[in-house]
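Visitor: Going down the list, the sequences are from chains E and F. When we follow the numbering used here, the leftmost residue of the first sequence carries the number 4, and every step to the right adds one. When we follow the numbering used here, the leftmost residue of the second sequence carries the number 4, and every step to the right adds one. The structure's right below; bear with me while I get my questions together.
There are 2 protein chains.
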Amino acid sequence: MRIGIIGYGSVGSALHQLIYERAWDFKNRYGLVLQVVFVCDRSGCVYREGGINPSETLSVKKSLKTLSSGFNVEPVLETIKKGVVDVAVECTPANFVNAEPAYTHIIEALKNGSNVITTNKGPMALYMPTILEEADSRGLVVLYSGTVGGGTPFIYFADKALKGNKIESFRGILNGTSNFILSKIINEGSSMEDALFEAKKLGIAEADPTLDLNGTDSAAKLVILLNHVFEDKYTLKDVEISGIEKDIPEVDSHHTVKLIASSTPNPHVSLEIIPRDDPLNIDGTYNAVEFKVEELGSVYLIGKGAGGRETAGAVMRDLVELKNRLQIQYLRKGYSHIF
Amino acid sequence: MRIGIIGYGSVGSALHQLIYERAWDFKNRYGLVLQVVFVCDRSGCVYREGGINPSETLSVKKSLKTLSSGFNVEPVLETIKKGVVDVAVECTPANFVNAEPAYTHIIEALKNGSNVITTNKGPMALYMPTILEEADSRGLVVLYSGTVGGGTPFIYFADKALKGNKIESFRGILNGTSNFILSKIINEGSSMEDALFEAKKLGIAEADPTLDLNGTDSAAKLVILLNHVFEDKYTLKDVEISGIEKDIPEVDSHHTVKLIASSTPNPHVSLEIIPRDDPLNIDGTYNAVEFKVEELGSVYLIGKGAGGRETAGAVMRDLVELKNRLQIQYLRKGYSHIF
Chain E
4 MRIGIIGYGS VGSALHQLIY ERAWDFKNRY GLVLQVVFVC DRSGCVYREG
54 GINPSETLSV KKSLKTLSSG FNVEPVLETI KKGVVDVAVE CTPANFVNAE
104 PAYTHIIEAL KNGSNVITTN KGPMALYMPT ILEEADSRGL VVLYSGTVGG
154 GTPFIYFADK ALKGNKIESF RGILNGTSNF ILSKIINEGS SMEDALFEAK
204 KLGIAEADPT LDLNGTDSAA KLVILLNHVF EDKYTLKDVE ISGIEKDIPE
254 VDSHHTVKLI ASSTPNPHVS LEIIPRDDPL NIDGTYNAVE FKVEELGSVY
304 LIGKGAGGRE TAGAVMRDLV ELKNRLQIQY LRKGYSHIF
Chain F
4 MRIGIIGYGS VGSALHQLIY ERAWDFKNRY GLVLQVVFVC DRSGCVYREG
54 GINPSETLSV KKSLKTLSSG FNVEPVLETI KKGVVDVAVE CTPANFVNAE
104 PAYTHIIEAL KNGSNVITTN KGPMALYMPT ILEEADSRGL VVLYSGTVGG
154 GTPFIYFADK ALKGNKIESF RGILNGTSNF ILSKIINEGS SMEDALFEAK
204 KLGIAEADPT LDLNGTDSAA KLVILLNHVF EDKYTLKDVE ISGIEKDIPE
254 VDSHHTVKLI ASSTPNPHVS LEIIPRDDPL NIDGTYNAVE FKVEELGSVY
304 LIGKGAGGRE TAGAVMRDLV ELKNRLQIQY LRKGYSHIF
């Protein structure tokens, strides 16, 4: 499987490394030969038909900051439009205003015959129905398990582990940064300023944590999970959003407050008072989702949120899923092998 | 898909009902037409080529206790040996001495060309490697997601939601009855006798709760999960087992004690002291497993254990999985449709 990586920051570079580490295992376990033929950052793309060893590009990226400082690069869109990969992996940072440049990367990859894996929430939160239709109409696949809880497979849990069961609703903590800060405020009596300072010091909060604190990041993940679980067509504007910057309600010792994204009655993100022994009462940077399932009652999935290697791990799941999907398509057409 | 149900107690009867309720949904969502053509209890089997409406057999079973009191039945093995179903679902009660009569039911179903779904842990805990080899050699499928945490899809979580990731080890609470009793003893200072009395009153403990309390039930689930996750060949005798009847260690207010089944270093079930804020510190009849994943760190799955409808829900997942597996087999052979 020929792979192109667009975005070479913490996720893209961890992915390149992980593909290299797992090459033997993937061939052995899934019959899947993985080969990275281009990697791109803001400065342009390095493309090599025979594959790129991560040690080369990662060392240049680390020491010289941009790929163009160490390689002859070509413009990103030009490389994508060549259509030389089976799958283009979009891992540039999210932008919830117009989702660019990722949205164009994804659409151009599809138009040129490449399947897409995205870890970037922006395009999915704003244009998920359009993107999936574009892919469907071309018989291509778009996968996105890294967009919601990279470290915790919420997406595949909902449709694969619960396939055959009936999910009625779900709610949970979808942003680790705000959960860390809120835990500090409630449990240790920290001020918002002190908690945020500590989160930045520990690398948990970014320089500009606005989207984490005002609920937008949680809402984006809620949209993606809603569309995925209920085959719906929500976008970010359908979600009522509030964050943790407003007044945090006072609670007694048996309760706590969490920023909860909820599918029901209408999609919303807001502060909620929950009992201390609710499994969703999980501190630190964890994410946690409660799925209400008709036959099973409540099932809880808890794990780490974002992080370069964790999100790269999500892409590895998507690569196996992509192979399985394509295999069924190919078998239907009467071919016997792929890749 | 033609289905036979062997065992018509809480799981078997809930399954018959659930198949009936979901028939439309399964046809619509998965293209899967479900038809129950035989149901069996200890007294024998009711077999109808055109399908059995659950209202008929369930009312006889409920009012007259045995199917033979209301129907002309035929011997169980005779019905199984006809090989008239695509899948035989084995849901008789577990027996960890020789796994009979379930083991013979499963082997005879396979020998006569039926795939098998089992919710009965006995045959899998004692003979899982043999059973899977028997199925493999005939190109048949054996599925068993109801054997481990019927209400919580541990089995499919491990191999489907985490496919492409590397599970290094796992540990958790796999028996709801002992967890309920232990929680009462630790948190409320109940005696073992009082806690057991309350569990029986609430229908959480069976008349003879020995296998729940001495760790055997947890160990059986551990064996199945081990073989499933690591493609290994463990049986019950490979697990070091202790239960909750022995001395329960004293702990301070920041810790608690749980009966933990663990894959590592060697498979074992024993009382363990864990911090109170460990996500595995979950009370009541919940089951909870921590999977340690190389790229992701710890991921926790928490939900209900056994229960008739919950375990029947697990069989519904297996039915969808069976269809997908058979579809790939059929496509490989050049057929275009199944069922």
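Built from N, CA and C at the ideal position, the CB exists for glycine as well. On a predicted model such as this, the values are computed, not experimentally measured, just so you know.
1) Do you know how far the Cα of residue 296 of chain F is from the Cα of residue 169 of chain F?
2) Does any C-beta atom of chain E lie closer than 7 Å to the C-beta of residue 182 of chain F?
3) Under 7 Å, do residue 318 of chain E and residue 90 of chain E count as touching if we go by C-beta distance?
4) Given this structure, state the Cα-to-Cα distance separating residue 231 of chain F from residue 161 of chain F, to the nearest angstrom.
5) Using the C-alpha atoms, what's the distance from residue 302 of chain E back to residue 62 of chain F?
6) Would you mind telling me which residues of chain E sit closer than 8 Å to residue 323 of chain F, beta carbon to beta carbon, in chain order?
7) Distance, Cα to Cα, residue 271 of chain E vs residue 47 of chain E?
8) Threshold first: 3 residues or longer. Then list the beta strand (DSSP E) segments lying entirely within the segment 85-173 of chain E, N to C.
9) Considering only their Cβ atoms, is the gap separating residue 216 of chain F from residue 181 of chain F smaller than 7 Å?
10) Find the nearest neighbour of residue 38 of chain F within the set F:50, F:32 and F:44, judged by alpha-carbon distance.
11) For the segment 142-173 of chain E, list every residue whose C-beta sits within 7 Å of some C-beta in chain F, in sequence order.
12) In chain F, what lies closer than 9 Å to residue 2 of chain E by C-beta?
13) Select from E:81, E:262, E:32 and E:22 the residue whose C-alpha is nearest the C-alpha of residue 54 of chain E.
14) Work out the CA separation of residue 142 of chain E and residue 337 of chain F for me, nearest whole Å.
15) Can you tell me the Cα-Cα spacing of residue 202 of chain F and residue 28 of chain E, whole angstroms?
16) With a threshold of 7 Å between beta-carbons, can residue 298 of chain E be considered close to chain F, or not?
17) How would you list, in chain order, the residues of chain E whose beta-carbon sits under 8 Å from the beta-carbon of residue 313 of chain F?
18) For residue 213 of chain E, verify whether its CB is less than 6 Å away from any heavy atom of the ligand MN.
19) Residues of chain F with a CB under 9 Å from the CB of residue 307 of chain E: which are they?
20) Go through its chain and collect everything with a Cβ distance to residue 151 of chain E's Cβ below 6 Å, but skip five positions before and after it.
21) Which of helix, strand or coil does DSSP assign to residue 343 of chain F?
22) Take every Cβ of the segment 256-272 of chain F, pair it with every Cβ of the segment 246-261 of chain E, and state whether three or more of those distances are shorter than 8 Å.
23) Taking all protein chains shown into account, decide if residue 149 of chain F is buried (16 or more other Cβ within 10 angstroms of its Cβ) or exposed.
24) Is it the case that the Cβ atoms of residue 2 of chain F and residue 166 of chain E are separated by a distance below 7 Å?
25) What three-state label does DSSP hand residue 258 of chain E in the structure shown?
26) So that I know if they touch, is there some Cβ in chain F lying closer than 7 Å to that of residue 15 of chain E?
27) Ignore the nearest five residues each way along the sequence and tell me which others in residue 282 of chain F's own chain have a CB closer than 6 Å to its CB.
28) State the Cα-Cα distance for the pair residue 35 of chain F and residue 4 of chain F, rounded to the nearest angstrom.
29) Could you give the DSSP three-state label for residue 309 of chain E: helix, strand or coil?
30) Listed from N- to C-terminal order along the chain, which residues in the segment 263-285 of chain E have their beta-carbon within a distance smaller than 8 Å of any beta-carbon of chain F?
31) Determine the DSSP secondary structure at residue 294 of chain E, reduced to helix, strand or coil.
Guide: With the structure as the only source:
1) In a straight line, the C-alpha of residue 169 of chain F is about 6 Å away from that of residue 296 of chain F.
2) no
3) no
4) 8 Å
5) 32 Å
6) 166 and 167
7) 38 Å
8) 90-93 and 118-121
9) yes
10) Put simply, of F:50, F:32 and F:44 the residue whose alpha carbon is nearest the alpha carbon of residue 38 of chain F is F:50.
11) 154, 155, 156, 159, 160, 163, 164, 165, 166, 167 and 168
12) Any question about residue 2 of chain E goes unanswered here, given that chain E covers just 4 to 342.
13) E:22
14) 21 Å
15) For residue 202 of chain F and residue 28 of chain E, the distance between alpha carbons rounds to 46 Å.
16) yes
17) 298, 299 and 300
18) For the ligand MN, the structure offers nothing, since it holds no ligand at all.
19) 299, 300, 301 and 302
20) 157, 158, 224, 227 and 228
21) Lying outside 4 to 342, the shown extent of chain F, residue 343 of chain F is not represented and no answer is given.
22) no
23) buried
24) Nothing can be reported for residue 2 of chain F: it is not among the residues displayed for chain F, which extend from 4 to 342.
25) strand
26) Not a single C-beta of chain F is nearer than 7 Å to the C-beta of residue 15 of chain E.
27) 303
28) 7 Å
29) coil
30) 280, 282 and 285
31) strand
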